[in-house]
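Note that my numbering numbers the sequence shown so that position 308 is 845, with each residue one more than the last.
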Amino acid sequence: MQRENEGVLQLSEKQRTILWQRLSERIEQYLREVPDIPVAQTPSVLAIRTLLSSFDFRKPGDPLEAIEFAFEELRRTQVHTPHPRYFGLFNPAPTTMGIVADAIVAALNPQLAAWTHNPLASEIERHLVQTFGVRFGWTPPNIDGVFCTAGAEANHTAVLTSLCKTFPDFRTSGLRGLPKQPVLYVSGEGHHSILKAARLCGLGTAAVREVGVDESLRLDVGALEKTIAEDRAQGFAPLLVVGTAGTTSAGIVDPLRPIAHLAEREGLWFHADAAWGGAAALVPELRHVLDGIERADSITFDAHKWLSVPMGAGIYLTRHPEILTQTFSTAAGYMPGSQAGAIDPYSHSIQWSRRFTGLKVFLSLAVAGWPGYEAVLRRQVQMGQLLADKLRSAGWQIVNDTPLPLVCFVDQRSERGQSAEYLQSIADQVVSSGRAWISVCRIAKGRSAIRACITNYRTVPSDLDELVAALEAARQAEASRKSPRL
Ligand SMILES: Cc1ncc(COP(=O)(O)O)c(C=O)c1O
């Protein structure tokens, strides 16, 4: 029986069958083509807005034309993060099972606010939280966590939970009830979402102490200790320290064990931001890199980074099983009750209505298994080492030291090879050539470097050769621009 409005929002079965087929054909076509298309294009704001100006929605449109528009124009205008020569900002090529999971979630539309609305979905996420907690070295029942939109929300959750743990009255009285101003510590190489989190918690960015780093860009624990002492002397309340496992610019892992030790001694909450680097826990020969993470009070781990599930799948983990409830629970009479032993996700999260983010992680893991992931991650690490070797041979100097597949480099063959302008120009030329996507990052003491990260499980040695060749072409162009022939 046809229901009212079905033809507008739920299309007919015949139309749906054609749409699903076209959708899968277009996805397949994209996956086939992506290694051979330009990695990026840079359309102007005006061009994009002009493209959209024809959509005034005054009359209904054709569904096939609509998906064609989406595929074709996204394909034509985006930076192709699923491209094997996207050496970018931790954005992956999505897993097949992740794409499938996102489609299932869109169709069944599970509501992850109340446990009773979706017991299986809630328990899948709980199961994953426990599983990852164990991989990071924790023991049940002292594991809890919540899926987040992404790493920024997980970091925000960390600051909130640390406030609730350290100042139980914060939950009701807020910051005004605190005896002293809390302050946070993170290295200058840490992610800026910590600054946002401080702002969102009402602490303000001035509460974030930027701790210096050593020569290898790792948080300087001596400097941290000194800053904490100074803050105490000035009447501040040291609250939380962030140790980053895989910094965004240079892929550096802070000295997690010494940070944990100091945090315990000083009574600070220790948060490990392992948004990208946390995946090292899945590779036995890399596990030591995360040594000390098991002593963290909380961890941010983004499955949409190195585990390659589609965006976004942030995970906040903690070894304080009561703290999420303390931080987020509220009594809402209109919410359905839960079963004994079950936890309503809305009482554990910044979010209320929530998408079933965990399915893409669950299905990807169910199909690849730990061995599948281990092999893929190991291969990406090898690609990172190979890239570093190829760059060195081509006269580029590697300026970061990390076992993770992220290479930062400057040009040894040019006298301007360390300057920000020169490096930016090289990166811009590579990107505009469409042959690869790289970026320039700033690392400690105002130094700049070109940054190339192996974000893609499809990257092979010939992709690295192509990047090195594109860099060489840019370098030649720079050289001829500087000394034009007379
Ligand atoms: C170390 C680190 N932490 C947190 C984040 C924020 O994660 P998201 O972009 O998923 O919110 C990032 C993003 O790249 C990151 O590199």
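Beta carbons are placed, not taken as given, at the ideal position from N, Cα and C, and that holds for glycine.
Here the structure is a predicted model, which is why all the values come from computation and not from measurement.
By the criterion of at least three beta-carbon pairs nearer than 8 Å, the segment 770 to 777 is not in contact with the segment 927 to 937. Comparing alpha carbon positions, the residue from Val582, Ala931, Gln558, Glu952 closest to glutamate 1003 is Ala931. Counting along the chain, the unbroken beta strand (DSSP E) around valine 683 starts and ends at 681 to 685. Burial is judged here by how many other beta carbons sit within 10 angstroms of a residue's own beta carbon; tyrosine 883 has at least 16 and is buried.
Cβ atoms of glycine 851 and threonine 686 come within 8 Å of each other, at about 6 Å.
Contact between isoleucine 980 and leucine 754 is confirmed by a C-beta separation of about 6 Å, below the 8 Å threshold.
For cysteine 738, there is no enclosing beta strand (DSSP E), as DSSP gives it neither H nor E.
For isoleucine 555, same chain residues with a beta-carbon under 8 Å away, outside a window of 5 residues either side, are Leu601 in chain order. Going by DSSP, glutamine 934 is part of the beta strand (DSSP E) stretching over 933 to 935. About 6 Å separates the beta carbons of asparagine 628 and threonine 992, which is inside the 8 Å limit, making them a contact pair.
Judged by DSSP in its simplified three-state form, proline 621 adopts coil rather than helix or strand. By the CB criterion at 8 Å, methionine 872 and alanine 651 fall inside the cutoff.
In the assembly as shown, valine 820 is a buried residue. Its beta-carbon has 16 or more other beta-carbons within 10 Å.
Counting C-beta pairs with one atom in each stretch, the segment 795 to 815 and the segment 827 to 847 have three or more that are closer than 8 Å, which means they touch. Taking a C-beta distance under 8 Å as the contact criterion, aspartate 839 and tryptophan 813 qualify as a contact pair. Per the coordinates, the alpha-carbon of glutamine 917 lies some 10 Å from the alpha-carbon of leucine 923. In this structure asparagine 655 is buried. Its beta-carbon is surrounded by 16 or more other beta-carbon atoms within 10 angstroms. Judged by their CB atoms, glycine 725 and valine 750 are nearer to each other than the 8 Å cut-off.
Residue pairing by DSSP places threonine 653 in no beta bridge whatsoever. Shortest gap from the CB of histidine 808 to any heavy atom of ligand 1: 7 Å or more. CA-CA distance, threonine 668 to phenylalanine 899, rounds to 11 Å. Per DSSP, isoleucine 980 is not a residue of any alpha helix (DSSP H); the beta strand (DSSP E) it occupies stretches across 976 to 980. In this chain, the alpha helix (DSSP H) harbouring glycine 688 covers 688 to 703. In the structure shown, alanine 782 adopts extended strand secondary structure according to DSSP, grouped into three states. Short note on tryptophan 813: C-beta closer than 7 Å to some heavy atom of ligand 1. Looking at the backbone, the Cα of alanine 760 and that of glutamate 822 are separated by about 30 Å.
When the Cα atoms are used, alanine 879 and alanine 577 turn out to be separated by approximately 46 Å. In summary, tryptophan 907 is exposed, with fewer than 16 beta-carbon neighbours lying within 10 Å of its beta-carbon over all protein chains present. In summary, proline 678 is exposed, with fewer than 16 beta-carbon neighbours lying within 10 Å of its beta-carbon over all protein chains present. With fewer than 16 neighbouring CB atoms inside 10 Å of its own CB, serine 999 falls in the exposed class. Residue range 984 to 990 is occupied by the beta strand (DSSP E) that includes alanine 989. Within its own chain, the residues whose Cβ lies closer than 6 Å to the Cβ of arginine 972, once the five positions on either side in sequence are excluded, are Glu1003, Ala1007, listed in chain order.
Taking all protein chains in view, the Cβ of valine 913 is crowded by 16 or more other Cβ atoms within 10 Å, so the residue is classified as buried. Nearest Cα to threonine 694 within the set Gly635, Ala735, Arg929, Ile796: Ala735. By the C-beta density criterion, proline 792 is buried, having at least 16 other C-beta atoms within 10 angstroms.
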